[in-house]
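Enquirer: Mind looking over this structure? Questions follow.
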Amino acid sequence: MVNIGLAKIACFVEKYNFTDPKEARALENFKFTAEKLGHRFNFMFRENLLEIPKYDAVFIRATTDPLFTAYIVSKTAWETGLKVVDDPKSIQICGNKIHLYSLFEKYDVPRIPTIIINKDDFHHKRILEIFRTFGRPVVVKAPYTSFSRYVEKVACETSFREVAKRFFRKSDVLAVQKFTPTAFDWRVGVLNGEVLYVCKYMVPKGRWKHGAKRRGKPSFVWGRTVSLKKENAPAKLKETALKACAVVGDGLYGVDIKEVDGNYLVVEVNDNPSIYAGQEDLRNKDVYEKIIRYLTD
Amino acid sequence: MLVVSNIDLTTDLPTIKPSTFLESSIKDFTLNINNDYRYLKTGYYVSLHAEILGNQVIPSSEDIVDAYRTPILLLRASKAGIPTVPYIVTSSVKQIIAEIGFPVILFAVNPFSYDGFRIAKNRSALYRAAKSLEMNYKFPVCAQPLKGKVVSFKSIFGKCEMDEKIREISEMVYEVFGIPLCKLHVQRVEKEAYLCGLQPLKKEELLPNDLKAISEEIWQISKNGEHRVG
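Chains F and D are the protein sequences, given in the same order.
Our numbering puts the first sequence at residues 1493 to 1789.
Our numbering puts the second sequence at residues -14 to 215.
In structure tokens:
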């Protein structure tokens, strides 16, 4: 393929994006790939946001959320007419799980059974009704969850109330899901309606999610990432991932899916999916080039 | 027309509470009346729920997210021809001093702040203001040069009891973002006025006259079918 012209790409990052060597290496891989294709690729920090209009495209790698600086970057780039990944609409939908699950329900995406609760309708009877519907334990999720944070398992009314009270401080609406333990979650990377990579995010031994807080410590323990060639992944898995992304947009997403009795149930669609060197890219080396080409198309 | 309100209005039109609406699947044009539309708050979720149901709604969830993030408010306002002053988004006090100087007006770039803005006239005041608004450097701030006097006022469906220049800004902000109830901050520089920021109202700020004005606006919208939908 011939490159028509040189594009200037800004990659919006925060300092923490360089603390994990695997993520730092992936960022360098993006830069190397872009430059190999004849483009300019600069890391942009929050002190340089005035420079956004000087670029042709913005690639956001800092954590996104409508409350974070990344949203300001995305919306500014979008309003300025630049190509942007992640686009503001995707951040709005994926950054709020209530928005996401409501769309899954509306468009009948196979999903983990979910009930949405609001602060003014949270009482004893409602809690009992949820336990009756889903059994115990259930998973309480704040809408702004990311990296396995703000997702907690509760088995009794007391702990349900305690977790909900904490999450309700920030959001007036929460999600409650059926507890569905599996040894791993599928992670399907999707770009512009096509599967980009497929991985298994393993759940650490004795835990129930990919990233779990160490008892009494602020740090997290993460499960292994097992990468597969996307061609070798089950067709139904990929089909489910693409269906879930279709209700969000045509950007870059990481879809978390649980396999239960041969069925694929979507846990969530994440914008701004993790891309770490030696993990998501291990069996799908073209990840970097495809993203850069999408940004400069 | 369906009116969803967390405020006790004096209108004869049927209104329902946000918690009732959030549990419902009523399909109708939805007018969302709330003193606080901030992201993740009930006012936001009412608009989101209406959109998911396929309803036309005032205000839209996207406009809500944008209006309360000061840099996006100013960017979209400026594109729509509303007078604004240049701003920067940064966590660096040094950058604010270098690019704007003093006096400077700072807005938090997080939607949790009820406290509005801070004005800093010197370096130490700027450090204190930035630290507080950045929530210990988690978020940046939006800094604008302070050229005149800041005027804050209630905007009800874009209407306010201010002079003509400010009234124009208030009406245009409602045209662009459609937030029925909010507090606007405007810089008055001699005879000109410039939009600075937008904030939620506290319920206690709504006086009996305001409630009457809100009810009259709802009645007008219902009567004329003036559904401002983007």
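Backbone N, C-alpha and C define an ideal beta-carbon position, used for all residues, glycine too.
Source: prediction; values computed, not measured.
#1: Give me the Cα-Cα distance between aspartate 1773 of chain F and glycine 39 of chain D, rounded to the nearest whole angstrom.
#2: Relative to the C-alpha of arginine 1679 of chain F, which candidate in F:Gly1741, F:Val1759, F:Ala1656, F:Lys1645 has its C-alpha closest?
#3: Taking 8 Å as the CB-CB cut-off, is phenylalanine 138 of chain D touching chain F?
#4: Taking Cβ-Cβ distances shorter than 7 Å, what residues in chain D pair up with histidine 1467 of chain F?
#5: For serine 140 of chain D, I'd like the list of residues in its chain whose CB is within less than 6 Å of its CB, leaving aside the five on either flank, ordered along the chain.
#6: Are three or more beta carbon pairs between the region 1695 to 1708 of chain F and the region 1657 to 1666 of chain F nearer than 8 Å?
#7: Whole angstroms is fine: what's the gap from alanine 1819 of chain F's alpha carbon to glutamate 1751 of chain F's?
#8: May I ask you to list the residues that DSSP assigns as paired with tryptophan 1714 of chain F?
#9: Give the residues of chain D in contact with glutamate 1539 of chain F, contact being defined as C-beta atoms less than 8 Å apart.
#10: In angstroms with no decimal places, state the Cα-to-Cα distance between phenylalanine 1639 of chain F and phenylalanine 1504 of chain F.
#11: Going by other Cβ atoms of all chains shown within 10 Å of its Cβ, with 16 needed for buried, is proline -1 of chain D buried or exposed?
#12: Pull the bridge partners of tryptophan 204 of chain D from the DSSP assignment, please.
#13: Jot down the residue ranges of each uninterrupted beta strand (DSSP E) in the region 57 to 87 of chain D, minimum 3 residues, whole runs only, in chain order.
#14: On the CB-based measure, 16 or more other CB atoms within 10 Å of its CB, does proline 3 of chain D come out buried or exposed?
#15: Residues of chain D with CB closer than 9 Å to the CB of proline 1558 of chain F, please, in chain order.
#16: Over what stretch of residues does the alpha helix (DSSP H) that includes alanine 114 of chain D continue unbroken?
#17: For aspartate -3 of chain D, decide whether its Cβ has a neighbour in chain F, counting only Cβ atoms nearer than 8 Å.
#18: Going along the region 0 to 18 of chain D in order, which residues come within less than 7 Å of chain F, judged by CB to CB distance?
#19: Kindly indicate the opening and closing residues of the alpha helix (DSSP H) around glycine 28 of chain D.
#20: Is any beta-carbon of chain F found at less than 8 Å from that of leucine 59 of chain D?
#21: To be precise: take each residue of the region 1598 to 1628 of chain F, compare its Cβ to all Cβ atoms of chain D, and keep it if any distance is under 9 Å. Which residues remain?
#22: Tell me, to the nearest whole angstrom, how far the beta carbon of threonine 69 of chain D is from that of cysteine 127 of chain D; I am working on the premise that it is less than 8 Å.
#23: Measure the C-alpha to C-alpha separation of asparagine 209 of chain D and threonine 1650 of chain F and round it to an integer number of angstroms.
#24: Pull up the distance between the alpha-carbon of proline 185 of chain D and that of tyrosine 1780 of chain F, whole angstroms please.
#25: 8 Å is my cut-off, CB to CB: does threonine 1568 of chain F come that close to chain D?
#26: What residue range is occupied by the uninterrupted alpha helix (DSSP H) comprising alanine 216 of chain D?
#27: Is lysine 1617 of chain F helix, strand or coil by DSSP?
#28: Quick check on aspartate 1748 of chain F - is its C-beta less than 8 Å from some C-beta in chain D?
#29: If contacts are defined as beta-carbon pairs under 8 Å, then alanine 65 of chain D and leucine 183 of chain D qualify, I think. What distance do you get, rounded to the angstrom?
#30: Closer than 7 Å by C-beta to aspartate 1578 of chain F: which residues in its own chain qualify, once you throw out the five before and the five after it? Chain order, please.
#31: Could you tell me how far apart the beta carbons of alanine 35 of chain D and valine 161 of chain D are, in whole angstroms, since I believe they sit closer than 8 Å?
#32: Quick one: Cα of cysteine 1479 of chain F to Cα of arginine 1628 of chain F, how far?
#33: Since glutamine 1771 of chain F is in the beta strand (DSSP E), which residue starts that stretch and which ends it?
#34: What is the rounded straight-line gap between the Cα of alanine 1562 of chain F and the Cα of valine 42 of chain D?
#35: Does DSSP put serine 137 of chain D in a helix, a strand or coil?
#36: Could you please tell me which residues of the region 1502 to 1522 of chain F, in chain order, have their CB closer than 7 Å to any CB of chain D?
Expert: Once the coordinates are examined:
#1: On the first sequence, position 281 is the one that residue 1773 of chain F refers to. On the second sequence, position 54 is the one that residue 39 of chain D refers to. Looking at the two C-alpha atoms, the distance is approximately 39 Å.
#2: For the purposes of this step, residue 1679 of chain F is taken as residue 187 along the first sequence, with counting starting at 1. The shortest C-alpha to C-alpha distance from arginine 1679 of chain F to any of F:Gly1741, F:Val1759, F:Ala1656, F:Lys1645 is the one to F:Val1759.
#3: Here residue 138 of chain D is taken as the residue at index 153 of the second sequence, counted from 1. No, phenylalanine 138 of chain D does not count as interfacial toward chain F.
#4: Beyond the ends of chain F as shown, which are 1493 and 1789, falls residue 1467 of chain F; an answer cannot be given.
#5: On the second sequence, residue 140 of chain D is found 155 positions in, with the first residue counted as 1. Scanning its chain for C-beta atoms nearer than 6 Å, with the 5 sequence neighbours on each side dropped, one finds around serine 140 of chain D the residues Ser155, Cys167, Leu169, in chain order.
#6: No, the region 1695 to 1708 of chain F is not in contact with the region 1657 to 1666 of chain F.
#7: The first residue shown for chain F is 1493 and the last is 1789, placing residue 1819 of chain F beyond what the model contains.
#8: Residue numbering aside, residue 1714 of chain F sits at position 222 when the first sequence is read from its first letter. F:Gly1703.
#9: As a first step, residue 1539 of chain F must be located in the first sequence, where it is residue number 47. Residues of chain D whose Cβ lies closer than 8 Å to the Cβ of glutamate 1539 of chain F are, in chain order, Thr75, Ser76, Ser77, Gln80.
#10: Numbered from its first residue, the first sequence carries residue 1639 of chain F at position 147. Numbered from its first residue, the first sequence carries residue 1504 of chain F at position 12. In this model, phenylalanine 1639 of chain F and phenylalanine 1504 of chain F are separated by some 19 Å (Cα to Cα).
#11: As a position in the second sequence, residue -1 of chain D is number 14, starting the count at 1. By the neighbour-count rule (16 or more Cβ atoms within 10 Å), proline -1 of chain D is not buried but exposed.
#12: Along the second sequence, one-based indexing puts residue 204 of chain D at 219. Tryptophan 204 of chain D is not bridged to any residue.
#13: Secondary structure within the region 57 to 87 of chain D: the beta strand (DSSP E) runs of 3 or more consecutive residues, fully enclosed, are 73 to 75 (chain order).
#14: Counting from one through the second sequence, the residue named residue 3 of chain D turns up at place 18. Answer is buried; the Cβ neighbour count reaches 16.
#15: Translated into the one-based positions of the first sequence, residue 1558 of chain F becomes position 66. Residues of chain D with a Cβ closer than 9 Å to the Cβ of proline 1558 of chain F are, in chain order, Tyr24, Leu25, Val50, Arg54, Pro96.
#16: Counting from 1 along the second sequence, the entry for residue 114 of chain D is found at position 129. Run containing alanine 114 of chain D: 108 to 118, per the alpha helix (DSSP H) assignment.
#17: In the second sequence, the residue the question calls residue -3 of chain D occupies position 12. By this cut-off, aspartate -3 of chain D is not an interface position.
#18: If the cut-off is 7 Å between Cβ atoms, the region 0 to 18 of chain D has Ser4, Leu7, Glu8 near chain F.
#19: Taking the second sequence and counting its residues from 1, one reaches residue 28 of chain D at position 43. Where glycine 28 of chain D is concerned, the enclosing alpha helix (DSSP H) stretches over 27 to 37.
#20: For the purposes of this step, residue 59 of chain D is taken as the residue at position 74 of the second sequence. For leucine 59 of chain D, no Cβ of chain F is located within less than 8 Å of the residue's own Cβ.
#21: Those residues of the region 1598 to 1628 of chain F that come within reach of chain D (Cβ to Cβ, closer than 9 Å) are Lys1598, Ile1608, Asn1610, Lys1611, Asp1612, Asp1613.
#22: The residue you call residue 69 of chain D lines up with position 84 of the second sequence. The residue you call residue 127 of chain D lines up with position 142 of the second sequence. The C-beta distance from threonine 69 of chain D to cysteine 127 of chain D rounds to 11 Å, too long to fall under 8 Å, and the pair is not in contact.
#23: Taking the first residue of the second sequence as position 1, residue 209 of chain D is located at position 224. Taking the first residue of the first sequence as position 1, residue 1650 of chain F is located at position 158. Our two residues, asparagine 209 of chain D and threonine 1650 of chain F, have alpha carbons roughly 51 Å apart in a direct line.
#24: Position 200 of the second sequence, counted from the first residue, corresponds to residue 185 of chain D. Position 288 of the first sequence, counted from the first residue, corresponds to residue 1780 of chain F. Taking the CA atoms as reference points, proline 185 of chain D sits about 43 Å from tyrosine 1780 of chain F.
#25: Here the question's residue 1568 of chain F lines up with position 76 in the first sequence. At a cut-off of 8 Å between beta carbons, threonine 1568 of chain F contacts chain D.
#26: Because chain D spans -14 through 215 in this model, residue 216 of chain D falls outside it and cannot be assessed.
#27: Taking the first residue of the first sequence as 1, we reach residue 1617 of chain F at position 125. Correct three-state label for lysine 1617 of chain F: helix.
#28: To locate residue 1748 of chain F, count along the first sequence from 1; it is residue 256. Put simply, the CB of aspartate 1748 of chain F is far from chain D, with every gap to its CB atoms at 8 Å or more.
#29: By 1-based counting over the second sequence, the position of residue 65 of chain D is 80. By 1-based counting over the second sequence, the position of residue 183 of chain D is 198. Not a contact, Cβ separation roughly 14 Å.
#30: For the purposes of this step, residue 1578 of chain F is identified with residue 86 of the first sequence, where counting begins at 1. Contacts found: Ile1552, Thr1556, Ser1566, Gly1743, Leu1744, Asp1763, Asn1764.
#31: As a working mapping, residue 35 of chain D is identified with position 50 in the second sequence. As a working mapping, residue 161 of chain D is identified with position 176 in the second sequence. Between valine 161 of chain D and alanine 35 of chain D the Cβ distance is about 20 Å, and since that is not below 8 Å, they are no contact.
#32: Here chain F has residues from 1493 to 1789 only, and residue 1479 of chain F is not among them.
#33: Within the first sequence, numbered from 1, the residue matching residue 1771 of chain F stands at position 279. Per DSSP, glutamine 1771 of chain F belongs to no beta strand (DSSP E) and is neither H nor E.
#34: Locating residue 1562 of chain F in the first sequence gives position 70, where the first residue counts as 1. Locating residue 42 of chain D in the second sequence gives position 57, where the first residue counts as 1. The alpha-carbon atoms of alanine 1562 of chain F and valine 42 of chain D are separated by roughly 27 Å.
#35: Here residue 137 of chain D is taken as the residue at index 152 of the second sequence, counted from 1. Strand.
#36: So the list is empty, because no residue satisfies the distance condition.
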